[in-house]
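Protein chains in written order, with our numbering: chain A, 1 to 251; chain B, 1001 to 1323.
This report refers to the structure that appears directly beneath it.
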Amino acid sequence: MADEYILETRSLAKEFKGFVAVNGVDLKIRRGRIHALIGPNGAGKTTVFNLLTKFLAPTRGAILYNGRDITHERPAHIARRGMVRSFQISAVFPHLTVLENVRVALQRRRGHSLDFWHSAKALDALNERARELLDSVGLSAYASTVAVELPYGRKRALEIATTLALEPEMMLLDEPTAGMTHEDVERIAALIKRVAADRTVLMVEHNLSVVADLSNHITVLARGEVIAEGDYAQVSKHPAVIQAYLGAEHG
Amino acid sequence: MANAAPTLAAPAGAADAKLHRIAFAVMAVAVALAPFAFYPVFLMKAMCFALFACAFNLLLGFGGLLSFGHAMFFGGAGYFCAHAAKVWGLTPELAILAGAGAAALVGSVTGLLAIRRQGIYFAMITLALAQMIYFFAVQAQWFTGGEDGIQGVPRGKLFGLVDLSHMPAMYSVVAVIFLGGFLLIYRIIHSPFGQVLKAIREHEPRAVSLGYDTDYYKLLAFVLSATLAGVAGATKALVFQLASLTDVHWTMSGEVVLIALLGGVGTVFGPVVGALIIVTMQDYFSQLGAGVTIAQGVVFVICVLAFRRGIVGELSRVLKRSL
Ligand SMILES: Nc1ncnc2c1ncn2[C@@H]1O[C@H](COP(=O)(O)OP(=O)(O)O)[C@@H](O)[C@H]1O
Ligand SMILES: [Mg+2]
């Protein structure tokens, strides 16, 4: 049996010019789980994501992915190892079509992307797989729509389809349901549940009913530090968590 | 599994591709027939600037990188080509290759230094390096002829066979270089590489998170753009039999920005239209002397206010087709 934990951090810390945004965080993410990272605004959740995916370099601490120290790797390399992130603000390629968005991801696995002398027709071989992926997130009718014209909830679905194109071992989702209508939230939550069937998901989420519904394990962050851990029932009764959430306006 | 996707058998771009083929055919015919109605030297100048602007647009329009130093590739290649033809006695095709090679080399170094910077810092570094090349061109008289430039560059014999002092021969060579360069750029834009380049332009962190080492892509785009700008500059040096400081001056870097903006950044045909307009204006207003700059400025301001996406950009918006 492979390691129990797919991702671990050891005393992870990040300072911005003396301001400590993340302070000695030890995370242990179990393989195959949906792990939620919650906490009030400004707790350092997005910063943790940026550290894990190497968009930021940690000030201190170490990150282990599948038991291997990845603290000093480049962000694109992390993605190629199978850990793919989304962004807090939806990240599609706005002036490419929906199909092309997914193809850009498929193309990365295909390789040969520096071939500037080949016709892009070579990429048509990826269309079938791209359509399957769009189908799986309910976007097949939008294949030739330019992504910028999609409604917000659909953009997030496109993002997930694009991420899935890489068949990542682990997905990091930063507030996947933020700013969505009720129906969209339900659709995305169902989608996350489905895609988590054969991979690990770490997600930052403010919607606590989504968290309660989806996650197996929760880590609560406040002012850059882990204040509680456990399942939803344990965490929601924890005095420090109640304190942190009452102290901050956001829930 | 049943695929419920609407049967858009042709990908979204197929109709555009057909339109592009037609537009290219029209352009090629125009290039072939134009010398019967206009001065060949004027047309050759326009084609050199059009290729220069297309090369610049490859970087700005498709890579999202604004270089403010492209004169160093255009003018620098001009000096290399002129020196190679006149002093080393190379045949014209080799002289142009020498110019393009020099531009590729300078482009690689500049790219390595600039590529990690974003936005205005990127523009500033390219400008600073272009100024260094300019000062080199002023100082290194033994190579560039200093203030006088390299004059009386022999056009020579293509492959040692075809005498390019014959206008039709020279014109044909320039036409082939322009059309060929245009097609190459078109292919680059529509290649797997071009697709990634557009993704980086649209959202670089997302491209990184998909596993692309975006620096390599940006560097390759920069070197390709520099090399093709070099081909344009080298060809211009042969046409005018002259390499001079004008072509490495920062105003030349500004001019190519202007041409691209006027025609439409990120369009396929915009830079060609922009170049044609600017070169025509310069020709037409040349009797105004210094006034040409003012006239150019006025036209530019009017165009930018009237067509914010550039002429071809606006046209493509109206037609709802990429051009
Ligand atoms: N690049 C940065 N420079 C300076 N401070 C930052 C930077 N990124 C985040 N911060 C600060 O770090 C803290 C945590 O931010 P963030 O990780 O975005 O919180 P969360 O995602 O939990 O809402 C905030 O106080 C924020 O202002
Ligand atoms: Mg956040």
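Note that CB positions come from ideal geometry on N, CA and C, so glycine has one too.
So, helix, strand or coil for residue i, using DSSP?
| i | result |
| --- | --- |
| ASP1163(B) | strand |
| THR9(A) | strand |
| GLN1118(B) | coil |
| LYS54(A) | coil |
| ALA190(A) | helix |
| ALA165(A) | coil |
| GLN88(A) | coil |
| ASP1213(B) | coil |
| ILE70(A) | coil |
| GLY61(A) | strand |
| MET170(A) | strand |
| GLU225(A) | strand |
| LYS121(A) | helix |
| LEU1158(B) | strand |
| MET1132(B) | helix |
| MET83(A) | strand |
| ARG129(A) | helix |
| THR177(A) | coil |
| ASP184(A) | helix |
| SER140(A) | helix |
| PHE1049(B) | helix |
| SER1067(B) | coil |
| GLU1314(B) | helix |
| SER1286(B) | helix |
| CYS1057(B) | According to the sequence displayed, residue 1057(B) carries Asn and not Cys. Three-state result, ASN1057(B): helix. |
| ALA1014(B) | helix |
| LEU1033(B) | helix |
What does DSSP give as the partner residue(s) for residue i in the beta ladder?
| i | result |
| --- | --- |
| GLY230(A) | ILE218(A) |
| ILE273(A) | In the structure as shown, chain A starts at 1 and stops at 251, and residue 273(A) therefore has no counterpart that could be examined. |
| PHE16(A) | PHE19(A) |
| VAL25(A) | LEU12(A) |
| VAL48(A) | BP columns for VAL48(A) are empty, so no partner. |
| ALA105(A) | Note: ALA105(A) sits in no beta bridge, so no partner. |
| GLN1325(B) | Residue numbering for chain B in the displayed model covers 1001 to 1323; residue 1325(B) lies beyond these limits and cannot be assessed. |
| VAL146(A) | THR97(A) |
Is it true that the CB of residue j sits closer than 9 angstroms to the CB of residue i?
| i | j | result |
| --- | --- | --- |
| GLY24(A) | LEU12(A) | yes |
| LYS1236(B) | GLY1107(B) | no |
| LEU214(A) | ALA233(A) | no |
| ALA1102(B) | VAL1272(B) | no |
| ALA1055(B) | LEU1238(B) | no |
| ALA1229(B) | PHE1073(B) | yes |
| ALA1226(B) | THR1110(B) | yes |
| PHE48(A) | LEU37(A) | According to the sequence displayed, residue 48(A) carries Val and not Phe. In this structure, LEU37(A) lies closer than 9 angstroms to VAL48(A) by Cβ. |
| ILE1150(B) | ILE1096(B) | no |
| LEU1082(B) | PHE1269(B) | Checking the sequence shown, residue 1082(B) turns out to be Ala, not Leu. Going by C-beta atoms, ALA1082(B) is not nearer than 9 angstroms to PHE1269(B). |
| SER1067(B) | ALA1014(B) | no |
| LYS54(A) | ASP174(A) | no |
| HIS206(A) | VAL220(A) | no |
| ARG131(A) | LEU123(A) | no |
| ILE1200(B) | LEU1058(B) | no |
| PHE93(A) | ALA161(A) | no |
| PRO1092(B) | GLY1156(B) | yes |
Taking the straight line between their C-alpha atoms, what separation do you get for residue i and residue j?
| i | j | result |
| --- | --- | --- |
| VAL201(A) | GLY1211(B) | 18 angstroms |
| VAL1173(B) | TYR1217(B) | 31 angstroms |
| VAL1029(B) | ARG156(A) | 47 angstroms |
| PHE19(A) | LEU52(A) | 19 angstroms |
| HIS250(A) | GLN1195(B) | In this predicted model, HIS250(A) has a pLDDT of only 48, less than 50, meaning its place in the structure is not dependable enough to derive any value. |
| ASP1163(B) | ALA1085(B) | 14 angstroms |
| ILE1259(B) | ASP1215(B) | 27 angstroms |
| VAL137(A) | HIS77(A) | 27 angstroms |
| PHE1182(B) | ASP1247(B) | 21 angstroms |
| GLN1118(B) | THR71(A) | 25 angstroms |
| GLY39(A) | ARG10(A) | 20 angstroms |
| SER86(A) | LEU164(A) | 11 angstroms |
| ILE1294(B) | GLY1264(B) | 21 angstroms |
| VAL204(A) | GLY179(A) | 14 angstroms |
| SER140(A) | LEU134(A) | 5 angstroms |
| VAL98(A) | ALA189(A) | 21 angstroms |
| PRO1154(B) | THR1267(B) | 36 angstroms |
| GLU281(A) | LEU1127(B) | Outside the shown range of chain A, which is 1 to 251, sits residue 281(A), and nothing can be said about it. |
| LEU1305(B) | SER1253(B) | 22 angstroms |
| GLU15(A) | HIS118(A) | 45 angstroms |
| LEU1105(B) | LEU1288(B) | 38 angstroms |
| ALA1140(B) | HIS1249(B) | 15 angstroms |
Considering only heavy atoms of ligand 4, does any lie closer than 8 angstroms to the CB of residue i?
| i | result |
| --- | --- |
| ALA1082(B) | Ligand 4 is absent from the structure shown, which contains only ligand 1 and ligand 2. |
Q. Could you name the residues, in chain order, whose CB is less than 5 angstroms away from a heavy atom belonging to ligand 1?
A. Listed by chain position, these are PHE16(A), ALA21(A), ASN41(A), GLY42(A), ALA43(A), GLY44(A), LYS45(A), THR46(A), THR47(A).
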